[in-house]
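*Asks:*
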Amino acid sequence: MNNALEHLAIIMDGNGRWALKHRLPRNVGHKKGAEVVVEIAKAAKELGVKYLTLYAFSTENWKRPQEEVDALMSLLRQYLDRDLKELEDNDIRILFIGERSMLSNDIQNKMAELEKRTENHRSATLQIALSYGSRLEIIRAAKQIAKNVQEGTLSIENVDEKTFESMLYTKNIPDPDILIRTSGEKRLSNFLLWQLAYTEFFFTDTFWPDFTKEELADILKQYQTRERRYGKI
Ligand code: IPE
Ligand code: IPE
Ligand code: MG
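Counting the sequence shown from 1 gives a position; our numbering is that position plus 289.
#1: Just curious, the beta strand (DSSP E) that residue 382 is in, first and last residue?
#2: Kindly indicate which three-state DSSP category residue 457 falls into: helix, strand or coil?
#3: As a quick exercise: from 497, 460, 395 and 495, pick the residue whose alpha carbon is nearest that of residue 481.
#4: Could you tell me the distance, in whole angstroms, from the CA atom of residue 415 to the CA atom of residue 469?
#5: Taking only three categories from DSSP, how would you classify residue 418?
#6: Ordered along the chain, which non-local residues of its own chain (more than five positions away) have a Cβ less than 7 Å from that of residue 502?
#7: How about residue 420: is its Cβ closer than 8 Å to a heavy atom in ligand 3?
#8: Looking at residue 509: is its Cβ nearer than 9 Å to the Cβ of residue 467?
#9: Quick check on the DSSP output: the beta strand (DSSP E) that includes residue 435 runs from which residue to which?
#10: Tell me which same chain residues have a C-beta within less than 6 Å of the C-beta of residue 306, skipping the five on either side of it?
#11: When every heavy atom of ligand 1 is checked, does at least one fall within less than 8 Å of the C-beta of residue 496?
#12: Anyone know if the C-beta pair for residue 483 and residue 443 falls short of 9 Å?
#13: Please work out which residues of its chain come closer than 6 Å, Cβ to Cβ, to residue 473, disregarding the five sequence neighbours upstream and downstream, and give them in chain order.
#14: Could you give the distance in angstroms between the alpha-carbon of residue 449 and the alpha-carbon of residue 486?
#15: Using a Cβ-based criterion (distance less than 8 Å to any ligand heavy atom), does residue 303 qualify as near ligand 3?
#16: Is there contact between the region 375-385 and the region 355-367, where contact requires at least three CB pairs shorter than 8 Å?
#17: Rank 363, 406, 435 and 454 by C-alpha distance to the C-alpha of residue 423 and give the top, closest one.
#18: Hey, could you find the ends of the beta strand (DSSP E) residue 299 is sitting in?
#19: Which stretch, first to last residue, makes up the beta strand (DSSP E) that contains residue 486?
#20: Roughly how many whole angstroms lie between the Cα atoms of residue 340 and residue 465?
#21: Which residue wins for smallest C-alpha separation from residue 505, given the options 344, 434, 314 and 336?
#22: Return the first residue and the last residue of the beta strand (DSSP E) that residue 508 is part of.
#23: Distance check for residue 434 and residue 440, CA to CA, integer angstroms please.
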């Protein structure tokens, strides 16, 4: 069997529990988790993955204690300034999906700059979900459709899957072939609800900071043994 593998999505979970296991503060877990991102992004590219989408911060994560949110935002700033540079130098295009307006202005600017600088990179695409929530994404698309219908630029008969998809943050990106969630949790936590309709799911007990390229390669191998279905008979 030779299953197509274009797009891999990962819910990077378990930073907090990794820290607890090592009797370290949660923020150390987040820091360690951030380090793994660059390694896995490079490995995914080497393994032939064209699109990698990483769930880094959800709309629900804004409800975490302010102290933790602040620490995550300062880690993000550092990350945008420094760590992503390595991926940029690897000809990787970087994109962000999520509700940007909820992030502070300086972070929004850094994100826009990085997207601009890498827009012609073609070796692979890294899509980072930041302040992302799938229900909000779907509501935004529904509102946009209603607006277009109201303004007369779209007729109700022409509303189909393609039109709807063109209004999601992920427009122009193929749906994920594989979803991995680390840390043993088996739920989607508001991630890509529309886009994961026919994706193959893999769950591992490994906490994100311990996730390695060897484990990734192993999952991609297992994926090749799955019989894929796309809703057709
Ligand atoms: C994932 O790790 C990272 C973010 C959500 C920012 P968690 O912080 O959710 O770690 P656990 O689930 O508490 O172990
Ligand atoms: C999902 O993980 C979000 C990210 C990994 C960024 P959470 O740890 O926030 O999700 P729940 O709370 O376990 O559902
Ligand atoms: Mg978690």
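A virtual CB, placed ideally from N, CA and C, is assigned to each residue, including glycine.
*Replies:* Reading it off the structure:
#1: Its beta strand (DSSP E) spans residues 381-386.
#2: For residue 457, the three-state secondary structure derived from DSSP is coil.
#3: Closest option to residue 481, judged by alpha-carbon separation, among 497, 460, 395 and 495: 460.
#4: So the two alpha carbons sit approximately 15 Å from each other.
#5: Annotated three-state conformation of residue 418 is strand, per DSSP.
#6: Counting only Cβ-Cβ distances below 7 Å, and skipping sequence neighbours, we find 328, 329 and 332.
#7: Relative to ligand 3, even the nearest heavy atom lies 8 Å or more away from the CB of residue 420.
#8: Judged by their CB atoms, residue 509 and residue 467 are nearer to each other than the 9 Å cut-off.
#9: Counting along the chain, residue 435 falls outside any beta strand (DSSP E), though it belongs to the alpha helix (DSSP H) covering 423-440.
#10: Result list for residue 306: 496, in chain order.
#11: Here the distance from the Cβ of residue 496 to the nearest heavy atom of ligand 1 is below 8 Å.
#12: A distance of 9 Å or more separates the beta carbons of residue 483 and residue 443.
#13: So the qualifying residues of the chain are 494.
#14: Whole-angstrom Cα-Cα distance: 16 Å.
#15: Checking every heavy atom of ligand 3 against the Cβ of residue 303, one is found closer than 8 Å.
#16: No, the region 375-385 is not in contact with the region 355-367.
#17: The option with the nearest alpha carbon to residue 423 is 454.
#18: Annotation for residue 299: the continuous beta strand (DSSP E) segment containing it runs 296-300.
#19: Here residue 486 belongs to no beta strand (DSSP E), and DSSP marks it neither H nor E.
#20: Approximately 8 Å, taken between the alpha carbons.
#21: Ranking the options by Cα distance to residue 505, first place goes to 336.
#22: It is not in any beta strand (DSSP E) - residue 508 instead sits in the alpha helix (DSSP H) that spans 502-512.
#23: Distance between the alpha carbons of residue 440 and residue 434 is about 10 Å.
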